[in-house]
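Written out below as structure tokens is the structure these notes cover.
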Amino acid sequence: MVIINLALTRETEVNYSSKNQTAISYICFCCGGKVVESYAKYKLRGEECGLHFTDQSKFNIDQLTSQYAGEYWKKLRGGWKAAIASILCIDKRPILQARAVSQFEFINQRVRGKRFFEIGVGNGEVIRFISKHGYHVNGLEPDPQQSQKLLRFNVINLKAEDLKNSHDSYDIVFMSHVLEHVKNPSLVIQNCRNIIADNGILFIEVPNCKNPAILEKDLPFWHTHLFNFTTESLRKLLHKNGLLVTDVQYVSPVMDLDNMVLVERSLLLWKLAYQSSKFKQSLYCTTTSTSGIYLRIIAKKSL
Ligand SMILES: [Zn+2]
Numbered sequence: 502m503v504i505i506n507l508a509l510t511r512e513t514e515v516n517y518s519s520k521n522q523t524a525i526s527y528i529c530f531c532c533g534g535k536v537v538e539s540y541a542k543y544k545l546r547g548e549e550c551g552l553h554f555t556d557q558s559k560f561n562i563d564q565l566t567s568q569y570a571g572e573y574w575k576k577l578r579g580g581w582k583a584a585i586a587s588i589l590c591i592d593k594r595p596i597l598q599a600r601a602v603s604q605f606e607f608i609n610q611r612v613r614g615k616r617f618f619e620i621g622v623g624n625g626e627v628i629r630f631i632s633k634h635g636y637h638v639n640g641l642e643p644d645p646q647q648s649q650k651l652l653r654f655n656v657i658n659l660k661a662e663d664l665k666n667s668h669d670s671y672d673i674v675f676m677s678h679v680l681e682h683v684k685n686p687s688l689v690i691q692n693c694r695n696i697i698a699d700n701g702i703l704f705i706e707v708p709n710c711k712n713p714a715i716l717e718k719d720l721p722f723w724h725t726h727l728f729n730f731t732t733e734s735l736r737k738l739l740h741k742n743g744l745l746v747t748d749v750q751y752v753s754p755v756m757d758l759d760n761m762v763l764v765e766r767s768l769l770l771w772k773l774a775y776q777s778s779k780f781k782q783s784l785y786c787t788t789t790s791t792s793g794i795y796l797r798i799i800a801k802k803s804l
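Rendered as structure tokens:
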């Protein structure tokens, strides 16, 4: 039996009887181009758009994706682990808060209304920050404990794939570091499109895999990043689903956080936790497509 890769569309099935095996050729779900083997194990690549992604027919990703509806956040950043991380100055929350400030700066100039919906709220750094700036916030989070904690921000317990048509529409649909984790990005984009107001925007941030260093880091099949997007692949995926990219930004932290010595790092984290938004915003700077570590895109509905 041949298992069809869920993220792909099967184009043709050719039976090579002489070799007594069945070969299937796929078309890329982003660009409609040919799919070829990637040099990385269990990975495929869209030849035209450059998207790398996990071959779901060879590697069972259910174990990776099912954890998000479990106690993902508690295991990742909760309880004693968070306490130890904070003492050792490896707690990333202040850095994520700084990232939220810099994301807000990017979207705030481009949005008309104040109705905000976040897909994959996680620890709530973004929704907390946005709610302080006059936005009416809503969101979804598959982790039941986490969504319960964030009830006051109108967070519902749901997977992005299960978000059905809603009569509500939003001026900003916001998705930060989510799309590379989900099983079916196309479906998630369609669900986003369904809840964007006519003049609204979709914001997406993912690791920037046009940057060779980020691609190398993201490629291993056991990594939770199932899709390794570039601007081209994301643009095509959005276009295919009735969305037009209006703004692109590549950002990197000004300081190399991973290579800081402990004292330097603790000073920075302390500053981030207590200093102004202006300081937090200054932690990230815009850069080029091959050196930025994050890719940010704003898209609007095409008519
Ligand atoms: Zn493609």
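The numbering used here applies: residue 502 is where the sequence shown begins, and numbers increase by one. Even for Gly, the Cβ is constructed at its ideal location relative to N, Cα and C. Note that this is a predicted model, so its numbers are computed, not measured.
Which word fits residue 701, buried or exposed, when buried means at least 16 other C-beta atoms lie within 10 angstroms of its C-beta?
-> buried
How close, in whole Å, do the beta carbons of residue 795 and residue 706 come, if the pair is a contact with beta carbons under 8 Å?
-> 6 Å
Assign residue 608 to one of three DSSP states: helix, strand, or coil.
-> helix
Inspect the beta-carbon positions of residue 672 and residue 743 and report whether they are closer than 8 Å.
-> no
Run of the alpha helix (DSSP H) containing residue 714, from where it starts to where it stops = 713 to 719
Return the bridge partner residues of residue 803 from the DSSP annotation.
-> Answer by DSSP bridge pairing: none, since residue 803 is not bridged.
For the stretch 671 to 715, list the beta strand (DSSP E) runs that are entirely contained and at least 3 residues long, ordered along the chain.
-> 671 to 677 and 697 to 708
So what does DSSP say about residue 642, is it helix, strand or coil?
-> strand
Using a threshold of 7 Å, is the CB atom of residue 737 nearer than that to any non-hydrogen atom of ligand 3?
-> Ligands displayed in this structure: ligand 1; ligand 3 is not among them.
Use the C-beta contact count for residue 732: other C-beta atoms within 10 angstroms, 16 or more gives buried, fewer gives exposed.
-> buried
For residue 533, which option in 727, 623, 606 and 740 has the closest C-alpha, if you only look at C-alpha atoms?
-> 740
For residue 804, count neighbouring Cβ atoms within 10 angstroms of its own Cβ and tell me buried if that reaches 16, exposed if not.
-> exposed
So residue 748 and residue 611 are in contact, right, with Cβ under 8 Å, and what is the actual spacing, rounded?
-> 6 Å
Pick helix, strand or coil for residue 745, following the three-state DSSP scheme.
-> strand
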